[in-house]
Each structure stands twice: as C-alpha cells, then as structure tokens.
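Number of protein chains: 2
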Amino acid sequence: MTSVRIDLSRSTSIFHALSDETRLAVVQMLGDGERCVCDLQAALDVAQSRLSFHLKVLKEAGLVSDRKDGRWSYYTLVPDALTEAHDIVHTLASPRSAESHALTVLGRCCG
Amino acid sequence: MTSVRIDLSRSTSIFHALSDETRLAVVQMLGDGERCVCDLQAALDVAQSRLSFHLKVLKEAGLVSDRKDGRWSYYTLVPDALTEAHDIVHTLASPRSAESHALTVLGRCCG
DNA sequence: GTAATATATCAGAAAAAATTGATATATCAA
DNA sequence: TTGATATATCAATTTTTTCTGATATATTAC
C-alpha cells in the first residue's frame, strides 16, 4: 500500500469545510451531480449571500469546483478531495510511529 | 450493503472535532494507544488548560474516552467513532436520492 | 499534617467564523 | 434600451471558538 505524507493544515481545512450543516447539505446534493446555485438555494432555503459564503468555503477547501455558464454558476464535487478526506480519516484510525507528528496517509482502502 | 440513517448534526460535530491541528495531533498520538494527559502535554507543548479544552471537544464529539487512575487521566480513541467518521465521508462521496436531506450512511466499505 | 503534582474548570480577552443587508456585475429577455 | 435575474462581494454585526491565567480538586509523597 502506498503511503503519502500530508500536512495537518490541509486536513483541518477539509474537516472545517465539512463541519457545517449547510455545507454538508450542499455536498450531499452535489453527490447526485452538478447543480446551479439557484437550485441549491431553492432546495436549502438559505439567504443568497449566505449560500455564496458557504460555497466559497467549500471551494477554498478544494471540495467543490465551479463553472460559469451564462447567468448561472454550476458547482460540482471534486471527487479527489472526498477521497482525500476519506483517506485521512482512515489513516487517523491506524497506529503509526509516535514520534512522527506529520500525518502519513496510508492510501486507498477501498475501491 | 447495510444503510444507516444518521443526522447532519452528528456529522458536523465529528468534523468540527477533527478541524483543529492540536486535536488532530492528539488523535494521531492516541492512534498508538492510550495516553495520559501529561504525556500528550509534553509531546504537544501546549498550555495545560488549552489541552484540557481540546480533549473536552474530542470527548464531547465521542471521538475519545477517558478514565481516571490516581492523579492521572488516560485518554483513548473510541474506535467506533473513527469508523463512523470514515463511513460518513464515504457516504458523502456517493450519490443518493436528491430529495432526501437526511444523510444515509452506506455502511462499512472496508475491513 | 504540608507540599507537590495532575487535571479540570472558569471568567475574561482575543480571534475566527457566520449572518445580514446592501450593493456591484454580468447576462439575458423584452 | 430597460428591466429582471443569478451570483459574488463587502461592511457591519453577531455568534462561536479558542486562548490565557487563575483557581479549585483530588491524589500522592514527604
């Protein structure tokens, strides 16, 4: 199994992005595929500037990406980012050398 | 594959607990096994009340448990909690019905 | 007993994150 | 062109989180 060293701040950034109910709901909706902001807003019933703020947090954490088409912005999950999050959690659950404070990701654990 | 419905607030609580470098470092150390607070403090070089605060956040999220023995408190990872975190992330990466806002955990994806 | 140690908790300060309402920008429709 | 729509951003405020220093409690050592 490959082993990749990552930094704690990347990990906390991802977890922080996932630590809010509105943002999790967005991620959940995007799990079904690309959505425009207007659809997210209609489904989640949040103020427009607030949704925009949360989308920015997700984007800065690398969890979603966006593209513009006409008047609409479409957001999509970045599949690698969730895989990364998955691997980090998996790694946290596994023992490693006590003296190493750098987090060593163990690599893909499932298909 | 079994499918368990969980709530968003449980998920955000877990992710919030993991969204801090000190707390991640603690989780990492506990990955090797139980540690007393004094050992964590020595290794992480943080103020005592600050470490105590972070341990409380982890404990309230159900990620660690503690036991008292004489003057010392020992903290351990709660293995089920990391498995739960792992499953939640795994679930987030998978499509599900758009109208369901409850997060449906797909179940164990790897041994 | 007294002193030292390990830890938790508390109050206040500081820092960070989230919310709100307003405004700006671009695009499209009429 | 005028007006409406989709979205982003900004400033001000509010809320939440974190940090610090002090104090409290229990345990053990002397």
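Residue numbers (the working numbering), protein chains in the order written: chain A, 1 to 111; chain B, 1001 to 1111. Cβ coordinates follow ideal geometry from the N, Cα and C atoms, glycine included.
Residues bridged to residue i (per DSSP)
i: D1066 (chain B); result: B:Y1075
i: R1035 (chain B); result: B:Y1075
Residue burial classification, residue i (beta-carbon count within 10 angstroms, cutoff 16)
i: E60 (chain A); result: exposed
i: A85 (chain A); result: buried
i: A1017 (chain B); result: buried
i: T12 (chain A); result: buried
i: S97 (chain A); result: For S97 (chain A), the pLDDT reaches just 40, beneath the cut-off of 50, and the residue's location in the model is therefore unreliable, leaving the point undetermined.
i: S19 (chain A); result: buried
i: D80 (chain A); result: exposed
i: D87 (chain A); result: buried
i: R71 (chain A); result: exposed
i: R67 (chain A); result: exposed
i: T91 (chain A); result: buried
i: G111 (chain A); result: Residue placement at G111 (chain A) cannot be trusted, given a pLDDT of 48 that sits under 50; what the coordinates show is reported in the next sentence. Looking at its Cβ environment, which holds fewer than 16 other Cβ atoms inside 10 Å, G111 (chain A) is exposed.
Spatially closest choice to residue i from the options, by CA coordinates
i: S1094 (chain B); options: A:D20, A:D32 and A:S9; result: A:D32
i: G1062 (chain B); options: B:G1070, B:L1082, B:D1069 and B:W1072; result: B:L1082
i: S1065 (chain B); options: B:R1071, B:W1072 and B:L1077; result: B:L1077
i: V89 (chain A); options: B:I1014, B:R1010, B:C1038 and B:K1068; result: B:I1014
i: L8 (chain A); options: B:L1030, B:L1008, B:T1022 and B:Y1075; result: B:T1022
- Query: Contact between the segment 41–57 of chain A and the segment 1048–1063 of chain B: three or more CB pairs below 8 Å?
  - Reply: Contact between the segment 41–57 of chain A and the segment 1048–1063 of chain B is absent: fewer than 3 CB-CB pairs across the two stretches fall below 8 Å.
- Message: Can you confirm whether the segment 1033–1043 of chain B touches the segment 18–31 of chain A when touching is taken to mean that 3 or more C-beta pairs between the two stretches lie within less than 8 Å?
- Response: no
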